[in-house]
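One structure is given below, encoded as structure tokens.
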């Protein structure tokens, strides 16, 4: 099948927004009694990007979008859509993208008119950490239909875990905006996408219910009040359908949505590994069907770099061993490799218990990572993405795009030539789904990447101590940590009856908070 050269679509430019605050992993490790080397060398962690009190997924997304608009001198009236991939939504019905749109409209209304974004389509897409890839794929298909279409895709998230949980040290935050056009300067993306989906509960953020009676009983116990019961208190509530208080809600139970997830780390690693393997096989099958790959051809050798969703910096190198093995098998090189490295794959039928087999298989995959060929594979194709991820932490839907930007900037700074090279991108979202796609780096990529300024953005941040981190995590601060703010800021959340929960923002240019 021949490709239409006039119908090439992809990413023309990318912009990264990172919160100006960070917590050192060394500080957190000391506070939690965890050996720093375990997090630094084992997981590749160094710093956690921490949102200030005035920041949320909407402000970060708007800041990234504004950089794209201004650097490319875009007229907002020419932007046909702004699609947001996030799992940090601010409302159960109103898309977070509408807050982004309104912030941008207010910022640019004097220059382009009050209705400058009136005909722009916006929506949120949510599928854990792969929502940004979904937004990208959707917008690529839309842009492919008309050369005049221009879209912006944003991934924006705050990766927040409970204090002292096993996910706490992988936290992070930020947003990445991408300009999507035909004939892009940076990356062309073909429409072949490998997909694998399965409904599982490895990581999720459900509505959690708490009965009024249980809440009152807990308060009475804490206050050591014994002369009245929860039932007595509930009986005193007004017999009215009108809602005047929290306990006056009509439901018997109160529902709470938390930004922190319920998660099973080992199980999530397993589902990640399974889905990316299945999606990669689906990608191969589709490429073979259109004669762009042979049955025996190595897809990993086809890619100059591999871009993974990185929950932590070293995750790519730790998770890629199975697809590395599969690729060697397909290309006919596995038998010699296994013999040379004395690798013996455990056979499932030799184990009475599934857990015992899975443990043995995990150790087997780990032994692959210790071989010289695998280490060379990591050095050639994976390591470029790790340095930036280590300085920011997990960004959920942004993570794969941070790995992409970090790789491009690392190669730019090292003087490597990526023009006309192909990069393999492997996304994953818990719940669970993986998408695999290929990007073709354009000859003029260096002129775009030199404007990323990732290293400069990382170098100008403000370190905070543990006490400040905890107050931000607990949402105990009303004032920002930063002395002066440049960018979008959450001003207030309404408490008015017909606007309760509505959020209001402003643009600041270095003013004191």
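Residue numbers (my numbering): 63 to 575.
Beta carbons: idealized from backbone N, C-alpha and C, even for Gly.
DSSP state of residue i mapped onto helix, strand, coil
{"i": "residue 219", "result": "strand"}
{"i": "residue 278", "result": "helix"}
{"i": "residue 473", "result": "helix"}
{"i": "residue 374", "result": "coil"}
{"i": "residue 564", "result": "coil"}
{"i": "residue 364", "result": "helix"}
{"i": "residue 521", "result": "helix"}
{"i": "residue 244", "result": "strand"}
{"i": "residue 296", "result": "helix"}
{"i": "residue 413", "result": "coil"}
{"i": "residue 391", "result": "helix"}
{"i": "residue 432", "result": "coil"}
{"i": "residue 553", "result": "strand"}
{"i": "residue 385", "result": "helix"}
{"i": "residue 483", "result": "coil"}
{"i": "residue 316", "result": "strand"}
{"i": "residue 369", "result": "strand"}
{"i": "residue 273", "result": "strand"}
{"i": "residue 457", "result": "coil"}
{"i": "residue 408", "result": "coil"}
{"i": "residue 540", "result": "coil"}
Counted within 10 angstroms of its Cβ, other Cβ atoms place residue i as buried (16 or more) or exposed
{"i": "residue 287", "result": "exposed"}
{"i": "residue 556", "result": "exposed"}
{"i": "residue 117", "result": "buried"}
{"i": "residue 373", "result": "buried"}
{"i": "residue 504", "result": "buried"}
{"i": "residue 188", "result": "buried"}
{"i": "residue 307", "result": "exposed"}
{"i": "residue 506", "result": "exposed"}
{"i": "residue 362", "result": "buried"}
{"i": "residue 106", "result": "buried"}
{"i": "residue 84", "result": "buried"}
{"i": "residue 335", "result": "buried"}
{"i": "residue 558", "result": "exposed"}
{"i": "residue 81", "result": "buried"}
{"i": "residue 281", "result": "exposed"}
{"i": "residue 319", "result": "exposed"}
{"i": "residue 133", "result": "exposed"}
{"i": "residue 444", "result": "buried"}
{"i": "residue 571", "result": "exposed"}
{"i": "residue 75", "result": "buried"}
{"i": "residue 459", "result": "buried"}
{"i": "residue 439", "result": "buried"}
{"i": "residue 481", "result": "exposed"}
{"i": "residue 317", "result": "exposed"}
{"i": "residue 527", "result": "exposed"}
{"i": "residue 128", "result": "buried"}
{"i": "residue 339", "result": "buried"}
{"i": "residue 378", "result": "buried"}
{"i": "residue 425", "result": "exposed"}
{"i": "residue 561", "result": "exposed"}
{"i": "residue 534", "result": "buried"}
Cutoff 8 Å: residue i Cβ touching any chain B Cβ
{"i": "residue 448", "result": "Absent from the structure is chain B; it holds one protein chain and no more."}
According to DSSP, residues forming a beta bridge with residue i
{"i": "residue 249", "result": "73, 503"}
{"i": "residue 266", "result": "324"}
{"i": "residue 236", "result": "219"}
{"i": "residue 86", "result": "109"}
{"i": "residue 496", "result": "258, 490"}
{"i": "residue 548", "result": "571"}
{"i": "residue 514", "result": "Residue 514 pairs with nothing; no bridge assigned."}
{"i": "residue 399", "result": "Paired residues: none, contrary to the question."}
{"i": "residue 143", "result": "183, 213"}
{"i": "residue 79", "result": "237"}
Among the options, the one whose alpha carbon lies nearest that of residue i
{"i": "residue 461", "options": "79, 70, 569", "result": "79"}
{"i": "residue 193", "options": "457, 166, 103, 433", "result": "457"}
{"i": "residue 213", "options": "138, 401, 248", "result": "138"}
{"i": "residue 333", "options": "176, 538, 494, 277", "result": "494"}
{"i": "residue 229", "options": "540, 565, 180, 324", "result": "324"}
{"i": "residue 516", "options": "401, 238, 549, 338", "result": "238"}
{"i": "residue 522", "options": "369, 453, 157", "result": "453"}
{"i": "residue 69", "options": "415, 245, 290", "result": "245"}
{"i": "residue 371", "options": "455, 429, 352", "result": "455"}
Check: residue i C-beta below 7 Å from any heavy atom of the ligand ADP
{"i": "residue 327", "result": "Looking at this structure, you won't find the ligand ADP or any other ligand, since it has none at all."}
Alpha helix (DSSP H) runs contained entirely in the region 148-223, provided each spans 4 or more residues: Entirely contained in the region 148-223, the alpha helix (DSSP H) runs reaching 4 residues are, in chain order, 158-174, 193-206.
Complete beta strand (DSSP E) runs within the region 89-135 (minimum length 3 residues, chain order): The region 89-135 contains, as complete beta strand (DSSP E) runs of 3+ residues, the segments 109-112 (chain order).
Contiguous alpha helix (DSSP H) assignments of at least 4 residues, all confined to the region 323-359: Inside the region 323-359, DSSP marks whole alpha helix (DSSP H) runs of 4 or more residues at positions 327-351, from first to last along the chain.
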